[in-house]
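One structure is given below, encoded as C-alpha cells.
Number of protein chains: 2
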Amino acid sequence: MASRSEDEQTWTIREVAEEFGVTHRTVRHYEELGLITPERRGTTRVYRRRDRTRLGLILRGKRLGFPLDEIRTIIDLYDAPRGRRSQLEYVLGQIDERRADLEQRRRDLDDALTELARFEERCREDLSRIPR
Amino acid sequence: MASRSEDEQTWTIREVAEEFGVTHRTVRHYEELGLITPERRGTTRVYRRRDRTRLGLILRGKRLGFPLDEIRTIIDLYDAPRGRRSQLEYVLGQIDERRADLEQRRRDLDDALTELARFEERCREDLSRIPR
DNA sequence: CTTGACGTTGACGTCAACGTAAAGCAGCAT
DNA sequence: ATGCTGCTTTACGTTGACGTCAACGTCAAG
Chain A
271 MASRSEDEQT
281 WTIREVAEEF
291 GVTHRTVRHY
301 EELGLITPER
311 RGTTRVYRRR
321 DRTRLGLILR
331 GKRLGFPLDE
341 IRTIIDLYDA
351 PRGRRSQLEY
361 VLGQIDERRA
371 DLEQRRRDLD
381 DALTELARFE
391 ERCREDLSRI
401 PR
Chain B
271 MASRSEDEQT
281 WTIREVAEEF
291 GVTHRTVRHY
301 EELGLITPER
311 RGTTRVYRRR
321 DRTRLGLILR
331 GKRLGFPLDE
341 IRTIIDLYDA
351 PRGRRSQLEY
361 VLGQIDERRA
371 DLEQRRRDLD
381 DALTELARFE
391 ERCREDLSRI
401 PR
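Line by line, the protein sequences are chains A and B. Numbering-wise (my numbering), the first sequence opens with residue 271 and increments by one. Numbering-wise (my numbering), the second sequence opens with residue 271 and increments by one.
Put into C-alpha cells, the structure is as follows:
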C-alpha cells in the first residue's frame, strides 16, 4: 500500500506508440527534436503521464497541420517558467499570437465547411432532377 | 459595347504569384502536380479566373494542413462531372468524408482554443498576484 | 541589333518528418 | 549456455514541397 508519492505509473516506448497509433521511430524522432524527454531506467526509456500529455498535444498539433518545431514552442509555452512579471507578460503575448493563428485557421475551416455545404446542396438538387 | 463572351481577363504567372504571395516556382509546382492547368498563348502560361479560384482553394487547403495530392482530389471534386446518378452519389459520398475530416479538425481546433483560454486565465491570475 | 525584363524547361539541392535496415545489449525461459 | 524478445543506437533512404541554378526563347525599348 505504501502511500508515498507513487503516482509513478510508467510506460514503455512500444506502449505509448501503440496507444497513440504511431511507430516507436516517430516517438524517438520527437525526442530527438526535444519535444518529449522521457527518463531512463538504465538505458531504457521510461514514459510518464507528462510525456503522454505532451505526445497528445504534439499529435493534435500535427492534425492541425503545424510543423514540429512550432509545436515545440507551443507546448514548451505551457511548461515555461512564469515566476517573474516579465516572463508572464511574454507568455501572455505568445498566447495572443497563438490565438490569432488558431482563429485564422478556424475561419478557413468554417469557410471550407460552408462551401462544402453549398456544394452538397447543389448536388442534391441535381440529383432530385434526375429521374428513377 | 460588344457583348460577346469576353469575360476573358487573364493574368501572367508573376501576377498571380505575387497576388497570392507565393513564388512562380510554387505555381509551376502546382501545375506539375495537376492542381491547376493554365492555358498557353504560344509557350506562355495564361491564367484565368478559374485558375485563380483553384489557387485560392489550394492555399487555403495548405493553411489547413492538407497535403497537395489530397487537395487535388478535393478541388477536382468541385469540377467533377455530375451527369449521371451514380456519379452524383459518388460525389455526395466524397462530400461526407470531407466533412467528417473537417469537423474532426474543428474539434481539435476548438479544444486547442479552449485550452489556450484556460491557460491564459491561469497566467492572468498569476500576474495579478505579483506586486508592483 | 543588342539589351533587359520576363517567360520557359530541365535538373539538382534542401529541409522536414519520418522509414528502414544493421548491429548490439539485457533479461529470462528453456 | 543458448536462444528469444524487446529495447537501444547508428546511419542511410524516402517522400513531399518546394528552392535554386543554368541555359535558352521572346518581345518591346533604346
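Cβ atoms here follow ideal geometry from the backbone N, Cα and C, with glycine treated the same way. Computed from a prediction, not measured in an experiment: that's the story for all the values here.
Nearest-angstrom Cα separation, counted from residue j out to residue i
i, j, result
"Phe-389/A", "Arg-376/A", "20 Å"
"Glu-309/B", "Arg-318/B", "8 Å"
"Arg-333/A", "Thr-314/B", "38 Å"
"Thr-307/A", "Leu-325/A", "11 Å"
"Asp-366/A", "Leu-383/B", "11 Å"
"Ser-273/A", "Gly-304/A", "In this predicted model, Ser-273/A has a pLDDT of only 41, less than 50, meaning its place in the structure is not dependable enough to derive any value."
"Arg-330/A", "Glu-340/B", "19 Å"
"Leu-397/B", "Ala-370/A", "22 Å"
"Asp-349/B", "Glu-395/A", "16 Å"
"Arg-472/A", "Glu-373/A", "Examination of residue 472/A is not possible in this model, given that chain A is present from 271 through 402 alone."
"Cys-393/B", "Asp-346/A", "15 Å"
"Arg-399/A", "Gly-353/B", "11 Å"
"Glu-301/B", "Glu-278/B", "21 Å"
"His-294/A", "Thr-280/B", "51 Å"
"Arg-282/A", "Gly-291/B", "The question names Arg, but residue 282/A is Thr in the sequence shown. Cα-Cα distance, rounded: 45 Å."
"Glu-391/A", "Gln-364/B", "14 Å"
"Gln-357/A", "Pro-351/A", "7 Å"
"Arg-311/B", "Leu-338/B", "27 Å"
"Arg-284/B", "Val-316/B", "11 Å"
"Ser-275/A", "Tyr-360/A", "Any answer about Ser-275/A is weak, because its pLDDT of 45 lies below 50 and its placement is not dependable; what the coordinates show is given next. Spanning the two alpha carbons is a distance of roughly 33 Å."
Chain-ordered chain A contacts of residue i [CB-CB under 9 Å]
i, result
"Tyr-348/B", "Glu-385 and Phe-389"
Chain A residues whose Cβ lies nearer than 8 Å to that of residue i
i, result
"Asp-397/B", "Per the sequence shown, residue 397/B should be read as Leu rather than Asp. The contacting residues are Arg-355, Leu-358, Glu-359 and Leu-362."
Closest residue to residue i among the options (Cα-Cα distance)
i, options, result
"Thr-343/B", "Arg-355/B, Arg-352/B, Ile-328/B and Thr-280/B", "Ile-328/B"
"Ala-287/A", "Glu-278/A, Gly-312/A, Gln-279/A and Arg-322/A", "Arg-322/A"
"Pro-401/B", "Arg-355/A, Leu-386/A, Asp-381/A and Glu-359/A", "Arg-355/A"
"Arg-368/A", "Glu-359/B, Arg-284/B, Asp-380/B and Glu-289/B", "Asp-380/B"
"Leu-386/A", "Ala-387/B, Glu-391/B, Leu-362/B and Arg-320/B", "Leu-362/B"
"Phe-336/B", "Asp-378/A, Arg-284/A and Glu-285/A", "Asp-378/A"
Under 7 Å from the C-beta of residue i: neighbouring residues of chain A
i, result
"Arg-352/B", "Cys-393 and Asp-396"
Residue i - partner residues in DSSP beta bridges
i, result
"Arg-310/B", "Arg-315/B"
Under 8 Å from the C-beta of residue i: neighbouring residues of chain B
i, result
"Ile-345/A", "Under the 8 Å cutoff, chain B gives no residues; its nearest Cβ is about 11 Å from Ile-345/A."
Contacting positions in the segment 357-390 of chain A - beta carbon closer than 9 Å to chain B: Those would be Leu-358, Glu-359, Val-361, Leu-362, Ile-365, Asp-366, Arg-368, Arg-369, Leu-372, Glu-373, Gln-374, Arg-375, Arg-376, Asp-378, Leu-379, Asp-380, Asp-381, Ala-382, Leu-383, Glu-385, Leu-386, Ala-387, Phe-389 and Glu-390, in chain order.
Within 9 Å of chain B by C-beta, residues of the segment 326-338 of chain A in sequence order: Per Cβ criterion, the list reads Leu-327, Arg-330, Gly-331, Lys-332, Arg-333, Leu-334, Gly-335 and Phe-336.
Near-chain B residues of the segment 294-325 of chain A - C-beta to any C-beta below 9 Å: none
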